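These notes concern the structure reproduced below.
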Amino acid sequence: MKIQYTKDNLLSYDDAPLDNQTLDEIRDFIDNAKELNPNIKWSYEILPTENISTMMRWKAPHYIAIFSEEKENYYQNVGFIFQQMDLFLQSKGIGSCWIGMGNPKNYENPNKDQKFIIIISLGKPNGNICREIGQFRRKSLDEITDNSDEKLVPAQFAPSASNTQPWYFTHNEDGSYDLYRVKLGRLRNRFYKKWNKIDTGIALAHLYVANKDSFRFYMKDNPEESKGLFYAGSFEI
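In my numbering, the protein residues as written are 270 to 506.
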């Protein structure tokens, strides 16, 4: 699957719902997506507009409500799994958007050991969901890594909450990488901390999709610490 560089926010959907066959394809893709941590139980439900409460001024015909156990890097695991789905939707011409300020209503998750994490809107877009790379506002490679590396370009263009781009990559002598989450400052970190954990998973999903045959993720027992950075995992591509 080729990565498409799409708009970070889709603000207009066709009111018509997706057909059942398309929804089944989406469910099948999610159910078979790669996980960062296979030991975490997670679930989701595709809900109609009337079962969602959100501060967004626009509506979508469908929303995915995502739930997860609270285990190591569970936010990151959600970002990794469902950004794969997001890229899959884009390849099918279906619009989607991660929504931090929203939650399901009149729906009770049967998995009592899982908490609600986030929702994603989806539906047929009104207009083009893609744009040229030059239209993106993104940090340069030099700003997100200790050594400018073209292999990290897919992560460079990953979406993030309010375009905070909270990732920083370092290189190891064996050719592997360490991923860190950047501390944004007291107030911003307090607001974005949860979402930025998801964002690092989103960035990893872009790297996985671009390097499916060689991608491997793992957590170090004693990672190198750095001021203003939080260790978020290591990987090979």
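Think of the CB as a built atom: it goes at the ideal place given N, C-alpha and C, for glycine as much as any other residue.
All values derive from a computational prediction rather than experimental measurement.
For residue i, name the three-state secondary structure that DSSP assigns.
i    : result
F504 : strand
N465 : helix
A329 : coil
E494 : coil
D283 : coil
Y376 : coil
K384 : strand
Q273 : For Q273, the predicted model reports a pLDDT of 41, less than 50, meaning its position is unreliable and no value from the coordinates is stated.
F499 : strand
Among the candidates the options, whose CA atom is the shortest distance from the CA of residue i?
i    : options                : result
E435 : I350, S483, A501       : Residue 435 is actually Pro in this sequence, not Glu. Of I350, S483, A501, the residue nearest in Cα terms is A501.
I506 : K466, L448, F357, S495 : L448
D468 : N375, K481, R450       : R450
D418 : K393, G392, S445, R406 : S445
Using the rule of at least 16 other Cβ atoms within 10 Å of the residue's Cβ for burial, across every protein chain shown, is residue i buried or exposed?
i    : result
W464 : buried
I285 : It should be pointed out that residue 285 corresponds to Ala in this sequence rather than to Ile. Result: exposed.
D355 : buried
K466 : buried
P379 : exposed
D290 : Here the sequence assigns Gln to residue 290, which means Asp is not the residue at that position. By the neighbour-count rule (16 or more Cβ atoms within 10 Å), Q290 is not buried but exposed.
S409 : exposed
N308 : exposed
Y376 : exposed
TODO: Mind listing, in chain order, the continuous alpha helix (DSSP H) runs of no fewer than 4 residues lying wholly within the region 287–373?
DONE: 289–300, 343–360
Open item on the list: Does the contact criterion of 3 or more C-beta pairs under 8 Å hold for the region 290–308 versus the region 344–359?
Closed with: yes
Task: Segment contact flag, the region 327–347 with the region 306–316, C-beta cutoff 8 Å, min 3 pairs - done: yes
- [ ] Determine, using beta-carbon pairs with one atom in the region 419–437 and one in the region 467–476, whether at least three such pairs fall under 8 Å.
- [x] yes
TODO: Could you tell me which uninterrupted beta strand (DSSP E) segments, each at least 3 residues in length, are contained entirely in the region 408–491, listed from first to last along the chain?
DONE: 436–440, 446–451, 485–487
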